[in-house]
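First comes the structure, then the notes that go with it.
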Amino acid sequence: MATARTEEEQALAGLRERAIAELATIATAEGLDEWRTRFLGRERGELTGILKGLGKLPGEQRKAVGQAANTVKNELEGLLEQRKAALKAAEQSGALERERLDVTLPGRMTPRGHIHPISQTIRDIGRIFSQMGFQVYDGPEVETDYYNFQALNIPQDHPARDMQDTFWIVPGQILLRTQTSNNQIRIMEQMQPPVRAIVPGRVYRNEAIDASHEAAFHQVEGLLIDETCTMSDLRGVVERFAREMFGAERKVRFRPSYFPFTEPSAEFDMDCINCDGAGCRVCKYSGWLEMGGSGMVHPKVLRGVGYDPATYRGFAFGLGIERIAMLRYGVDDIRLFSGNDLRFLRQFA
Ligand code: FA5
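Position one of the sequence shown corresponds to residue 70 (our numbering), numbered consecutively onward.
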């Protein structure tokens, strides 16, 4: 027969029920702490309150309530641990859910850049000359007066210096190269004939800028030195280049000119690709487009690098790369290439 419950036993049962019901609703670590302090706390916990009151009870009852209180305490502590573990697991699975990676989703495409039309033209020039056995070299843009002028038979105070207005870094000594011809000297100093070299690169001139003139532009230098080599070899190489670049029907003409480092010297033109030589706005109604300067390397220049002009001869030429790119892509203002306007550049993607 069930015995009547004491006041303490009823309080204990009530506490247990409330504690269990509340525990089920708690979803945070702070909430669990607060719950533990309130029900199981050593100082002011409700259960501790009941245990403290045990002293007033008669022996048998004290023992029974004490045991029951311990059972409730163990049970509640066990439930607390379970709840903590459940919360932690839920948190982890939530994190996993949030971090879930669907490897079947299509990737985000990174926008691809493309090569600048001048770089593209330099590559194509390199490819065409490589097919003719030329090797591509590189040289310094910050140069000494010696390599840019003196070694090319342009001494100090030579009037030819006026042809290329110079940006000086140290006046009279260090400059931004005005032409890629500085590399003729650097290459010949470093190797023995036969030489077949091209050197593309940026050059600088203190010029008034307009639709066909830049202060920073690109040239490609060509140099061939051998025991037998004539002006007609130069012509053949330039013609072959023009035809590879602009079409098999292209014609090239040479006009006498003057450069201190070549003798004889010539400038060469290609028939206008816009009007096939008939005359139009692009060729200023002449039928011809200027491509570059050239000539047979001057014996003084050969001697200066230690080549014997009695044994070796050669030709050199210099082409303006922007001018070639303008013709190739039908661009009528040279400044567009360095303007960094993406609307212009995107057309070459
Ligand atoms: C020279 O620079 C000589 N070094 C070329 C040379 C090399 C002659 C080897 C003999 C032997 P010139 O100053 O003419 O020559 O320039 C060559 C080409 O560069 C021109 O035909 C033109 O296409 C280009 N050019 C010259 N000035 C400019 C400029 N301001 N802007 C854009 N292109 C230019």
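No residue lacks a Cβ here, since even glycine has one placed at the ideal position from N, Cα and C.
Look up Ala385 in the DSSP assignment and give the residues it is bridged to. Leu292 and Gly364
Please confirm if the stretch 248-255 is in contact with the stretch 290-298, defined as three or more CB-CB distances below 8 angstroms between the two stretches. yes
Who are the near neighbours of Tyr273 in its chain, counting only those whose CB is closer than 6 angstroms to its CB and skipping five residues on each side? Phe236, Leu245 and Ala285
Between the C-alpha atoms of Gly375 and Glu258, what's the straight-line distance to the nearest angstrom? 8 angstroms
Tell me whether Ser419 sits in a helix, a strand or coil according to DSSP, three-state version. The requested residue 419 is not part of the displayed model; the chain covers only 70 to 418.
Can you tell me which of the three DSSP states Phe203 falls into? coil
Contact check, Ala122 vs Glu160 under 8 angstroms by CB: the rounded distance? First, the residue type needs correcting, since residue 122 is Gly and not Ala in the sequence shown. That pair is no contact at about 39 angstroms.
Cβ atoms of Val400 and Pro269: under 9 angstroms apart, would you say? no
3 or more residues per run - each beta strand (DSSP E) lying fully within the stretch 134-184: none
Looking at the ligand FA5, does it come within less than 8 angstroms of Glu212, judged from the CB to the closest heavy atom? no
With distances taken between CB atoms, is the gap from Gln219 to Gln225 smaller than 9 angstroms? yes
Across the stretch 195-206 and the stretch 305-320, are there enough close Cβ pairs to call them in contact, namely three or more that are closer than 8 angstroms? yes
Terminal residues of the continuous alpha helix (DSSP H) containing Phe274? The sequence shown places Arg at residue 274, not Phe. First-last for Arg274: undefined, no H or E at that position.
Spell out the partners DSSP gives Leu245 in its beta bridges. Val211
Which residues in the same chain have their Cβ closer than 6 angstroms to the Cβ of Ser188, if we skip the five residues on either side of it in sequence? none
May I ask you to check if the CB of His227 is nearer than 8 angstroms to at least one heavy atom of the ligand FA5? no
Output needed for Ala335: all residues of its chain with C-beta closer than 7 angstroms, excluding positions within five of it in sequence on either side, in chain order. Phe323, Arg324, Pro325, Ser326, Ser363 and Gly364
Spatial neighbours of Gly346 in its chain, beta-carbon cut-off 6 angstroms, leaving aside the 5 residues before and after: Asp340 and Gly356
Alpha carbon to alpha carbon, what distance is there between Leu414 and Val205? 26 angstroms
Got a sec, what are the start and stop residues for the alpha helix (DSSP H) Asp102 sits in? Ala98 to Leu109
Within a Cβ cutoff of 6 angstroms, which residues of the same chain sit near Asn343, ignoring the five residues on either side of it in sequence? Cys349 and Val351
Can you tell which of Gly389, Tyr381, Thr380 and Pro368 has the C-alpha that lies nearest to the C-alpha of Gly361? Gly389
Using DSSP bridges, identify the partner residues of Ala284. BP columns for Ala284 are empty, so no partner.
Nonlocal neighbours in the same chain, by C-beta distance under 8 angstroms from Glu391, ignoring five residues either side: Ile187, Glu283, Phe286, His287, Ile403 and Phe406
Are the beta-carbon atoms belonging to Leu109 and Leu101 less than 9 angstroms from one another? no
From what residue to what residue does the alpha helix (DSSP H) around Ala335 run? Counting along the chain, Ala335 falls outside any alpha helix (DSSP H), though it belongs to the beta strand (DSSP E) covering Thr331 to Asp340.
Outcome for His367 when other beta-carbon atoms lying within 10 angstroms are tallied against a minimum of 16: buried
So who's on the other strand from Ser326, going by DSSP bridges? Ser334
Ala82 classed as buried or exposed, judged by whether at least 16 other C-beta atoms fall within 10 angstroms: exposed
For Thr299, does the count of other Cβ atoms within 10 angstroms reach 16, so buried, or fall short, so exposed? exposed
What number of angstroms, rounded off, separates the C-alpha of Leu120 from the C-alpha of Gly114? 10 angstroms
Option nearest Leu126 by Cα separation, candidates Glu103, Thr75, Gly176 and Glu146: Thr75
For the ligand FA5, any of its heavy atoms closer than 8 angstroms to the Cβ of Arg309? no
For the alpha helix (DSSP H) holding Val307, just list the boundary residues, first then last. Met300 to Phe315
For the ligand FA5, any of its heavy atoms closer than 8 angstroms to the Cβ of Gln233? yes
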